[in-house]
Ligand SMILES: [Zn+2]
Ligand SMILES: [Zn+2]
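Numbering (this note's numbering), first residue to last: 144 to 626.
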């Protein structure tokens, strides 16, 4: 058994920080008890390893933490470099799923390769698990990845958001001669530009190429975007000439504001990739944040039977047959019955139906809708409940005869076949590999991190991190680690 005591700053529901005294005792096999100011605050099962925090980045999720549906107070911070008692440096994947903890379970999500969507997971620094703004943390044992020696702290502290950025880029899968635009590059968007540049370098070695456009309202961000690898920059302003509709093959919306999506839909030819979770309605849809949390896509339902080689069905089916929840008022076409297991009904009834299934994920792979309100219902059927109808990484397909008058997004999906895709967390291993192999990329931290703070300056750090002057702020603890 290990016991460790420390003081840390809790984040409170009213957005203040307050000092608390923590005592952790337990071990990897027996689990842990977390005491705050002498009271038991949290009991954890096995599969957590005690590490010391060295650095922790501040991101938009931290600044908006009080909006998230998880209990406070909590020590937050999830973009960490941590060290073990021999001084080895680690990055820590934040989703404490059954798989990440290495505990046996019959969890359908962990088994299906969707551990980052495990419904029983805690999330380091976001959902209950004490995070990296405190001096010690409990990391899921299988989530601690050793940082290669040639990756400096300045880049390693960005691995969590960089992995998320890279995951988005892989999902977009830029094609030869594409132009991919990043709308609103700032703390996450700049990393999307960097990830695109890293993937572009690899593509160029294989004789392919694509362009990277940065589009911002704040012109001060554009030179920085160029330094991260943007091949063209555009200043969005009432005074500048407007960009033509469908100027880019893919637009990645990293603006974190509802108007950003409208602009992205207008500018994108083939696909909009959504990376923001601002929690507000946009383009006539209420549940876009949940769409990103579940990494869903919104796509046209094919007007005719797709070719046998069409990627859609193979991509979306998890089991033997594609599970289709049919919400639309039109009858399902005959050809669909041959390809899929189709259930017709309301979103609430169908969610209950799939939740009761014992084989595979308790969800549909796909929902077919004919209005924006049905699209919302497919994402979250019941208000106040986080249970979904469609599985993580599944799709909401919009019927060709849908009523789309209230949503420019659905108009583009039905009218010209635009796809909306989304992504959240990423693969830390892929991010570390790319950083270790690319000397230019390893300098991302030098360019992106504009402000540094000591761990006891958290209040000031949050004020600065939320200001326009700051792109990225990092907090450093007064212990170990390398510089
Ligand atoms: Zn973050
Ligand atoms: Zn699980």
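For glycine and all other residues, C-beta sits at the position ideal for the given N, C-alpha and C.
Any non-hydrogen atom of ligand 2 closer than 7 Å to residue i Cβ
| i | result |
| --- | --- |
| residue 178 | no |
| residue 426 | no |
| residue 250 | yes |
| residue 236 | no |
| residue 258 | yes |
| residue 240 | yes |
| residue 529 | no |
| residue 442 | no |
| residue 263 | yes |
| residue 322 | no |
| residue 487 | no |
| residue 253 | yes |
Ligand 1 heavy atom lying under 7 Å from the CB of residue i
| i | result |
| --- | --- |
| residue 568 | no |
| residue 221 | yes |
With 16 other Cβ atoms within 10 Å as the buried cut-off, status of residue i
| i | result |
| --- | --- |
| residue 414 | buried |
| residue 156 | exposed |
| residue 517 | buried |
| residue 222 | buried |
| residue 345 | exposed |
| residue 628 | For the chain, the structure presents residues 144 to 626; residue 628 sits outside this window and is missing. |
| residue 316 | exposed |
| residue 442 | buried |
| residue 341 | buried |
| residue 270 | buried |
| residue 528 | exposed |
| residue 162 | exposed |
| residue 612 | exposed |
| residue 362 | exposed |
Simplified DSSP assignment, three categories, for residue i
| i | result |
| --- | --- |
| residue 303 | helix |
| residue 391 | strand |
| residue 545 | strand |
| residue 176 | strand |
| residue 315 | helix |
| residue 406 | helix |
| residue 293 | coil |
| residue 412 | strand |
| residue 221 | coil |
| residue 615 | strand |
| residue 576 | helix |
| residue 287 | strand |
| residue 596 | strand |
| residue 444 | coil |
| residue 149 | strand |
| residue 508 | strand |
| residue 470 | coil |
| residue 163 | strand |
| residue 487 | strand |
| residue 557 | helix |
| residue 430 | coil |
| residue 186 | strand |
| residue 565 | strand |
| residue 517 | helix |
| residue 358 | strand |
| residue 195 | strand |
| residue 420 | coil |
| residue 536 | strand |
| residue 226 | strand |
| residue 282 | strand |
| residue 211 | coil |
| residue 250 | coil |
| residue 265 | strand |
| residue 376 | strand |
C-beta neighbour in chain D for residue i, strict 8 Å
| i | result |
| --- | --- |
| residue 290 | Structure shown: chain D not included; a single protein chain is present. |
Segment contact flag, the stretch 475 to 485 with the stretch 425 to 439, C-beta cutoff 8 Å, min 3 pairs: no
Cβ contact (3+ pairs, closer than 8 Å) linking the stretch 227 to 247 and the stretch 276 to 290: yes
Sufficient close CB pairs (3 or more, under 8 Å) joining the stretch 189 to 202 to the stretch 397 to 412: no
Touch test, the stretch 574 to 590 against the stretch 285 to 305, Cβ-Cβ under 8 Å, three pairs minimum: yes
Nearest-residue set for ligand 1, Cβ under 5 Å from any heavy atom: 202, 204
Any 3 or more C-beta pairs closer than 8 Å across the stretch 248 to 260 and the stretch 208 to 228: no
Touch test, the stretch 389 to 398 against the stretch 318 to 336, Cβ-Cβ under 8 Å, three pairs minimum: yes
Stretch pair the stretch 369 to 389 + the stretch 296 to 313: three plus CB contacts closer than 8 Å: no
Stretch pair the stretch 558 to 571 + the stretch 461 to 470: three plus CB contacts closer than 8 Å: no
Segment contact, 8 Å Cβ cut-off, at least three pairs: the stretch 511 to 525 with the stretch 538 to 546: yes
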